[in-house]
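Q: Have a look at this one before I ask anything.
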Amino acid sequence: YNAGAQTAVSNIVMASAVLVTLLFLMPLFYYTPNVILAAIIITAVIGLIDYQAALKLWKVDKLDFMACFCSFFGVLFISVPLGLAIAVAVSVFKILLHVTRPNTLILGNIRGTQIYQNLSRYREASRIPSFLILAVESPIYFANSTYLQERILRWVREEEEWVKENNGSSLKCVILDMTAVTAIDTSGIDTLCEIKKTLEKRSLKLVLANPVGSVTEKLDQSEITESFGPHGIYLSVGEAVAHTSSLWRAQP
1 YNAGAQTAVS NIVMASAVLV TLLFLMPLFY YTPNVILAAI IITAVIGLID
51 YQAALKLWKV DKLDFMACFC SFFGVLFISV PLGLAIAVAV SVFKILLHVT
101 RPNTLILGNI RGTQIYQNLS RYREASRIPS FLILAVESPI YFANSTYLQE
151 RILRWVREEE EWVKENNGSS LKCVILDMTA VTAIDTSGID TLCEIKKTLE
201 KRSLKLVLAN PVGSVTEKLD QSEITESFGP HGIYLSVGEA VAHTSSLWRA
251 QP
């Protein structure tokens, strides 16, 4: 490409040139000083260094940039195998981090609609009095169930503190949006039961919203839906808010 090649035929020419060099011209390079050989290698690979791609990695994902950074300097100053091993280790660490520390966020209602979005990202979103709406953006299973339980209970404590500081309506219901929960195992189901029991001790109700088909089947098979009752699982967050509010108003 740097030499002006525009078609795939250039690959055939390049492969032929490399083959001839390896077969007939290698003895001529035997007495070439290492400095010159190093200069040839640097000249050949300098075009592979893409600063713009590295900057993009830094802006988009710091862990991807760290893998790139470690592999580059590992290969440059240590060795190729060790540099690649460091990059693989960083990548595996990133995967484990995402698996064991899934993203959770608070949802707020876009005024005048039935849309609920990230409260910290959308200025138009606002809290619903007496409700804490949380979204989990990953499957729930043994690797992250304990973390999710601790994180959800921490959200509840922080919300109660926020209500006290701002003289808001007391928290009564926690809605868990499960739209992005694509799978759940027995550990995840047990975690939901533990969260429900913990919230009930604090006079709070746990409601599930929009569990996908496979998750709903697991919940039915584990008979957890019976413990939630007819008013514990809804098709959407909007329906959960509206129906739960109507139940409160109907109470004497």
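Residue numbering for the sequence shown follows full-length UniProt numbering, starting at 1 and increasing by one per position. C-beta: ideal position from N, C-alpha, C; glycine also.
Check this for me: beta carbons of G188 and F228, under 9 Å apart or not?
A: The count along the sequence shown starts at 1 and reaches residue 188 at position 188. The count along the sequence shown starts at 1 and reaches residue 228 at position 228. Cβ atoms of G188 and F228: not closer than 9 Å.
Q: Does the beta-carbon of G112 have 16 or more other beta-carbons within 10 angstroms, so that it is buried, or is it exposed?
A: To locate residue 112, count along the sequence shown from 1; it is residue 112. Under this definition G112 is an exposed residue.
Q: Quick one: what's got a C-beta closer than 8 Å to G168's C-beta in the same chain, skipping five residues either side?
A: Counting from one through the sequence shown, the residue named residue 168 turns up at place 168. The residues are R127, P129 and W162.
Q: I need the boundaries of the alpha helix (DSSP H) containing F72, first residue and last residue.
A: Taking the first residue of the sequence shown as position 1, residue 72 is located at position 72. Note, F72: alpha helix (DSSP H), K62 to F77.
Q: My output table needs one value for D190: the three-state DSSP class, helix, strand or coil.
A: Locating residue 190 in the sequence shown gives position 190, counting from the first residue. Helix.
Q: Look up D177 in the DSSP assignment and say whether it is helix, strand or coil.
A: Translated into positions along the sequence shown, residue 177 becomes position 177. Strand, per DSSP.
Q: Quick one: is S71 buried, meaning 16 or more other Cβ sit within 10 Å of its Cβ, or exposed?
A: As a working note, residue 71 is residue 71 in the sequence shown. Looking at its Cβ environment, which holds 16 or more other Cβ atoms inside 10 Å, S71 is buried.
Q: In three-state DSSP terms, what is L171?
A: Walking along the sequence shown from the start, residue 171 turns up at place 171. Three-state result, L171: coil.
Q: Please go through the same chain and pick out, in chain order, the residues whose beta-carbon is closer than 6 Å to the beta-carbon of K94, but skip the five residues on each side of it.
A: Here residue 94 refers to the residue found at position 94 when the sequence shown is read from its first residue. Excluding positions up to five away in sequence, the list reads L63.
Q: With DSSP as the reference, identify every bridge partner of F131, one or two as the case may be.
A: Position 131 of the sequence shown, counting from 1, holds the residue named residue 131. F131 is bridged to C173.
Q: Going by the CB atoms, is the gap between A67 and S91 shorter than 9 Å?
A: Along the sequence shown, read from residue 1 onward, the residue named residue 91 stands at position 91. Along the sequence shown, read from residue 1 onward, the residue named residue 67 stands at position 67. Yes. Within cutoff.
Q: Quick one: what's got a C-beta closer than 7 Å to Q149's C-beta in the same chain, skipping five residues either side?
A: For this step, residue 149 is matched to residue 149 along the sequence shown. Correct list, in chain order: T191, E194 and I195.
Q: For a test of the three-state rule: what should DSSP assign to Y116, helix, strand or coil?
A: In the sequence shown, counting from the first residue as 1, residue 116 sits at position 116. Of the three classes helix, strand and coil, the one that applies to Y116 here is strand, per DSSP.
Q: When the Cα of I106 is compared with those of Q114, E159 and K59, which residue comes out closest?
A: By 1-based counting over the sequence shown, the position of residue 106 is 106. With distances taken between Cα atoms, I106 lies closest to E159.
Q: Tell me, please, which residues DSSP counts as bridged to N109.
A: Walking along the sequence shown from the start, residue 109 turns up at place 109. The partner list for N109 (beta bridge, DSSP) reads Y116 and S126.
Q: Kindly indicate the opening and closing residues of the alpha helix (DSSP H) around V45.
A: Along the sequence shown, one-based indexing puts residue 45 at 45. Where V45 is concerned, the enclosing alpha helix (DSSP H) stretches over N34 to V45.
Q: Could you give the distance in angstroms between the alpha-carbon of A39 and the alpha-carbon of Y30?
A: The sequence position of residue 39 within the sequence shown is 39, counting from 1. The sequence position of residue 30 within the sequence shown is 30, counting from 1. Their Cα atoms are separated by approximately 15 Å.
Q: Could you pull the start and end residues of the beta strand (DSSP E) that V207 belongs to?
A: Along the sequence shown, read from residue 1 onward, the residue named residue 207 stands at position 207. K205 to A209 is the extent of the beta strand (DSSP E) around V207.
Q: Does Y122 get closer than 9 Å to chain B when you measure Cβ to Cβ?
A: Chain labels in this structure do not include chain B; a single protein chain is all it has.
Q: So what does T104 bridge to, in DSSP terms?
A: Locating residue 104 in the sequence shown gives position 104, where the first residue counts as 1. For T104, which the question treats as bridged, DSSP gives the partners V136.
Q: Under the assumption that L134 contacts I152 (Cβ atoms under 8 Å), give the Cβ distance between them as a whole number of angstroms.
A: Locating residue 134 in the sequence shown gives position 134, counting from the first residue. Locating residue 152 in the sequence shown gives position 152, counting from the first residue. Their Cβ separation, rounded to whole angstroms, is 6 Å, which keeps L134 and I152 in contact under 8 Å.
Q: When we look at the beta-carbon of P33 and count the other beta-carbons within 10 Å, is it buried (16 or more) or exposed?
A: On the sequence shown, residue 33 is found 33 positions in, with the first residue counted as 1. It counts as exposed.
Q: Could you check which residue in A250, E217 and C173 has the C-alpha nearest to that of G232?
A: To locate residue 232, count along the sequence shown from 1; it is residue 232. Out of A250, E217 and C173, C173 has the C-alpha closest to the C-alpha of G232.
Q: Taking DSSP's pairing of strands, which residues face I184 in a bridge?
A: Here the question's residue 184 lines up with position 184 in the sequence shown. Its beta-bridge partners are I140.
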